[in-house]
Amino acid sequence: MTAEYQVHGDVAVITLNNPPVNGLGLSTRQAIVDGLEKAENDPAVKAIVLTGAGKAFSGGADIREFGTPKAIQEPNLLSVISRVENTTKPVIAAVHSVCMGGGLELALGAHYRIAAPGCNVALPEVKLGLIPGAGGTQRLPRVLGVEAALNMIVSGEPVKSEMLAMLPGQKLFDKLAASPESLAEEALALAREMAAKHADGSAFPLVRNLPCKHKDGDAYFQFARNMVKGMSKNFPAPAKCVDAVEAATKKKFADGMAFEREIFINLMWTSECRSLRHLFTAERAASKIPDVPEDTPQRKIEKVAVIGAGTMGGGISMNFLNAGIPVTILEMKQEALDRGVGVMRGNYEAQVKKGKLKQDKLDQRMGLLSTTLKYEDIADADLVIEAVFEDMGVKETVFKKLDEVMKPGAILASNTSTLDVNKIANFTKRPQDVVGLHFFSPANVMKLLEVVRGDATAKDVMATVMTISKKIKKVAVVSGVCDGFIGNRMIEQYGRQGGFLLDEGCTPEQVDKAIEKFGFAMGPFRMGDLAGNDIGWAIRKRRYVEKPDMKYSKTADLLCEKGRFGQKVGKGWYDYVPGKRDAIPNAEVVQMIEEHRKALGITPRKISDEEIVQRLVFSLVNEAAHILEEGIANKASDIDVVYIFGYGFPVHRGGPLNYANEVGLFNVVQAMKRFAKNPLDDAQFWQPAPLLARLAAEGKTF
Numbered sequence: 001m002t003a004e005y006q007v008h009g010d011v012a013v014i015t016l017n018n019p020p021v022n023g024l025g026l027s028t029r030q031a032i033v034d035g036l037e038k039a040e041n042d043p044a045v046k047a048i049v050l051t052g053a054g055k056a057f058s059g060g061a062d063i064r065e066f067g068t069p070k071a072i073q074e075p076n077l078l079s080v081i082s083r084v085e086n087t088t089k090p091v092i093a094a095v096h097s098v099c100m101g102g103g104l105e106l107a108l109g110a111h112y113r114i115a116a117p118g119c120n121v122a123l124p125e126v127k128l129g130l131i132p133g134a135g136g137t138q139r140l141p142r143v144l145g146v147e148a149a150l151n152m153i154v155s156g157e158p159v160k161s162e163m164l165a166m167l168p169g170q171k172l173f174d175k176l177a178a179s180p181e182s183l184a185e186e187a188l189a190l191a192r193e194m195a196a197k198h199a200d201g202s203a204f205p206l207v208r209n210l211p212c213k214h215k216d217g218d219a220y221f222q223f224a225r226n227m228v229k230g231m232s233k234n235f236p237a238p239a240k241c242v243d244a245v246e247a248a249t250k251k252k253f254a255d256g257m258a259f260e261r262e263i264f265i266n267l268m269w270t271s272e273c274r275s276l277r278h279l280f281t282a283e284r285a286a287s288k289i290p291d292v293p294e295d296t297p298q299r300k301i302e303k304v305a306v307i308g309a310g311t312m313g314g315g316i317s318m319n320f321l322n323a324g325i326p327v328t329i330l331e332m333k334q335e336a337l338d339r340g341v342g343v344m345r346g347n348y349e350a351q352v353k354k355g356k357l358k359q360d361k362l363d364q365r366m367g368l369l370s371t372t373l374k375y376e377d378i379a380d381a382d383l384v385i386e387a388v389f390e391d392m393g394v395k396e397t398v399f400k401k402l403d404e405v406m407k408p409g410a411i412l413a414s415n416t417s418t419l420d421v422n423k424i425a426n427f428t429k430r431p432q433d434v435v436g437l438h439f440f441s442p443a444n445v446m447k448l449l450e451v452v453r454g455d456a457t458a459k460d461v462m463a464t465v466m467t468i469s470k471k472i473k474k475v476a477v478v479s480g481v482c483d484g485f486i487g488n489r490m491i492e493q494y495g496r497q498g499g500f501l502l503d504e505g506c507t508p509e510q511v512d513k514a515i516e517k518f519g520f521a522m523g524p525f526r527m528g529d530l531a532g533n534d535i536g537w538a539i540r541k542r543r544y545v546e547k548p549d550m551k552y553s554k555t556a557d558l559l560c561e562k563g564r565f566g567q568k569v570g571k572g573w574y575d576y577v578p579g580k581r582d583a584i585p586n587a588e589v590v591q592m593i594e595e596h597r598k599a600l601g602i603t604p605r606k607i608s609d610e611e612i613v614q615r616l617v618f619s620l621v622n623e624a625a626h627i628l629e630e631g632i633a634n635k636a637s638d639i640d641v642v643y644i645f646g647y648g649f650p651v652h653r654g655g656p657l658n659y660a661n662e663v664g665l666f667n668v669v670q671a672m673k674r675f676a677k678n679p680l681d682d683a684q685f686w687q688p689a690p691l692l693a694r695l696a697a698e699g700k701t702f
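Following the UniProt record's numbering, the numbering of the sequence shown begins with 1 at its first residue and continues without gaps.
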């Protein structure tokens, strides 16, 4: 059942029922049309109410139909809206909870609209690289005014119904219901009132017939274009939103609709739109684990303990405090505890100063925090997360102690970024309760959480941590156990390529600028300075022992020998001024690289930005293909989610594997074969992973 039909006296009620958000899939669209037909043919029915079941009026298009023939099959949404407009009895849209995208466009086709307070209203298509495609750009400006409508369309952000109802001259809502609970009754009353009003056969009001003008049209739209261009240079859709809304003010309604549709269809075929739609579905799919059913019973998480009050421990704790979950932080020394709590309070106070947090919220969150120096005080926590130094000996001590004191059924998590979670689990007598929760720094800001599943990790532990990750507003991706998991294992290859590029003729600045122009938030050398070059140095020292055949440029080691560990000491690949993050090129670093080249007998060559980008990005792609083949990641889209939310990969390119699909896997493999012939690179690494080679040969994608 995708829409229910009921008659309440003289009013027919059509209720969309397509969980979770009443998406407007083909069967739902058909059911709306059938309901309208039934109501029109029933002489006892005088008016029609259109509403939604559950927790939404409608969230818009049904994403399960994206890219399938059903998405455009008749009746398409435009046809449904036209049918609503031309119904011979008044149609009242009763919106609540969520009214977004096609759902809002459908409501705009009704003759009257009543809204429950607290309803989130939006046209979020721009977030998928599109503009509204069923009249949103033409109708919303007519009911809200041009500027308010354009702001909503360009941002894609939801606005509460009561805020919109307060706008001067708004015609979006004919009435705001007293409460969500009274909406149904008030909608029926409004329907009867309008049936009586039009009993004389007078025409129903249509949004399409309302005037749409801006008194300073040309100047306003030029201003809007300049603003949009500055804020969304890699995305074509926001600027097209401006064009479409301008058309609403200058063209006849039918011509404006045709113009909107043409833009919508053209955007649908852009790589940016494909990438954003890919990410939209990838983010939602990441929480699904193939062998862990959705109805798996979960453990209760009402109290959390965090071991370590350093940068990571404090940031991790803030996530839970923000979600209203009490946290106890354990440290070995009182001064470390005091320092950590002070940093957390400082972070919250900075948010209060910026107006992002109210003082009472700060007090409430800090009130949920307790501290201790004794393991016994955390024994009753439901989840404990270890955030201590990244050393297996230190982890062993902590987990043996946790095994001793924690209550049965508690989840024991490690925030390790590279170490073997199976080994950590085996320090306990309950490996089924152990899981990796790799937060990214700063943990209270970064959205990515790598959930590392050990060989023994229980299914209910996995189900529980995936649910709790949503509660603390993280995007969780499952990884198997390997050195570096998904993200850091791939970034190592990217970093190695950065080093080889320096050996062959690049400067750190040239490499960073090329990859930042491609769209990365920051290049490999600025990223190294931010993370701390000594961290990479420690990993390489381990590699020299464990994998003596693995080839690295020595430039990063030489840099660390000079004590240039990055931003924290004011100097790394670049110099830094206290209090600023600007990377200032350093002549001594460039000289160090040149002398290293000379010592190796390398004649520097001119390297194009295209080669820099391909070597850095395709190194990620090849390692990702190995990770997929080994089953470390469940699916290709999970790897894209890791790179978008954890490593600053450009959103408009949809992640490394989506980008490889866009380039064409045949072309990726050809480029890799060229790189393998470079004597200064690592020919072994550039052998295409078997999965990549097979997909390219078969003309397939990830």
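Cβ coordinates follow ideal geometry from the N, Cα and C atoms, glycine included.
Touch test, the region 124-132 against the region 263-278, Cβ-Cβ under 8 angstroms, three pairs minimum: yes
Test item: CB-CB of residue 56 and residue 98 under 8 angstroms: Cβ distance < 8 angstroms, so residue 56 and residue 98 count as in contact.
Residue burial classification, residue 595 (beta-carbon count within 10 angstroms, cutoff 16): Flag for residue 595 reads exposed.
Neighbourhood of residue 376 by C-beta, 8 angstroms cutoff - its chain only, sequence neighbours within 5 removed: 405
Residue 275: first and last residue of the uninterrupted alpha helix (DSSP H) it sits in: 271-285
Collapsed DSSP secondary structure at residue 700 in the structure displayed: coil
One or two residues paired with residue 525 in a DSSP bridge: DSSP output for residue 525 lists no bridge partner at all.
Own chain partners of residue 344 with C-beta closer than 7 angstroms, once the 5 adjacent residues on each side are dropped: The residues are 314, 317 and 318.
Minimum C-alpha distance to residue 419 - residue among 429, 407 and 438: 438
Reduced DSSP category for residue 535 - H, G, I as helix; E, B as strand; rest coil: helix
For residue 203, the nearest candidate out of 423, 689, 91 and 544 (CA to CA): 91
Residue 620 and residue 522 closer than 8 angstroms at C-beta: No, Cβ-Cβ distance for residue 620 and residue 522 is not below 8 angstroms.
Beta-carbon spacing of residue 655, residue 632 below 8 angstroms: no
Beta-carbon proximity check, residue 468 vs residue 433, cutoff 8 angstroms: no
Whole-Å CB distance - residue 265 paired with residue 382, under 8 angstroms assumed: Between residue 382 and residue 265 the Cβ distance is about 51 angstroms, and since that is not below 8 angstroms, they are no contact.
For residue 626, the three-state DSSP class (helix, strand or coil): helix
Proximal residues to residue 137 (C-beta, below 7 angstroms), its chain only, five neighbours per side dropped: 131, 153, 241, 244, 245, 248 and 260
Short Cβ contact (8 angstroms threshold) for residue 623 with residue 475: Taking 8 angstroms as the cut-off, the Cβ atoms of residue 623 and residue 475 do not count as close.
Identified DSSP bridge partners for residue 20: DSSP, once it has assigned bridges, lists no residue as partnering residue 20.
Cut-off 7 angstroms between Cβ atoms - residues of its own chain near residue 607, not counting five sequence neighbours on either side: 501, 504, 505 and 506
Whether residue 676 touches residue 686 by CB criterion (8 angstroms): yes
Nearest residue (CA-CA) to residue 19, options 36, 58, 49 and 48: 58
Status (buried if at least 16 other CB within 10 Å, exposed otherwise) for residue 704: For residue 704 there is no data in the structure shown, the boundaries of the chain being 1 and 702.
6 angstroms CB neighbourhood of residue 645 in its chain, flanking five on each side removed: 447, 448 and 475
Backbone secondary structure at residue 656 - three-state DSSP: Of the three classes helix, strand and coil, the one that applies to residue 656 here is helix, per DSSP.
Residue 156 and residue 106 closer than 8 angstroms at C-beta: Taking 8 angstroms as the Cβ cut-off, residue 156 and residue 106 do not qualify as a contacting pair.
Backbone secondary structure at residue 643 - three-state DSSP: helix
Cα-Cα separation between residue 161 and residue 24, rounded to whole angstroms: 21 angstroms
Nearest to residue 13 (by Cα), restricted to the options 211, 292 and 53: Distances from the alpha-carbon of residue 13 to those of 211, 292 and 53 put 53 closest.
Backbone CA spacing between residue 222 and residue 141 [nearest angstrom]: 17 angstroms
Contacts around residue 455, its chain only, beta-carbon distance under 6 angstroms, and the 5 residues preceding and following it disregarded: 422
Alpha-carbon to alpha-carbon, residue 267 and residue 217: 25 angstroms
Residue 557 versus residue 537 - alpha carbon distance: 6 angstroms
Cβ pair count under 8 angstroms reaching 3, the region 177-195 against the region 112-120: yes
Supposed contact pair residue 424 and residue 305 - C-beta distance, whole angstroms, cut 8 angstroms: So it is not a contact: roughly 17 angstroms between Cβ atoms.
Cβ pair count under 8 angstroms reaching 3, the region 525-535 against the region 552-567: Touching, yes.
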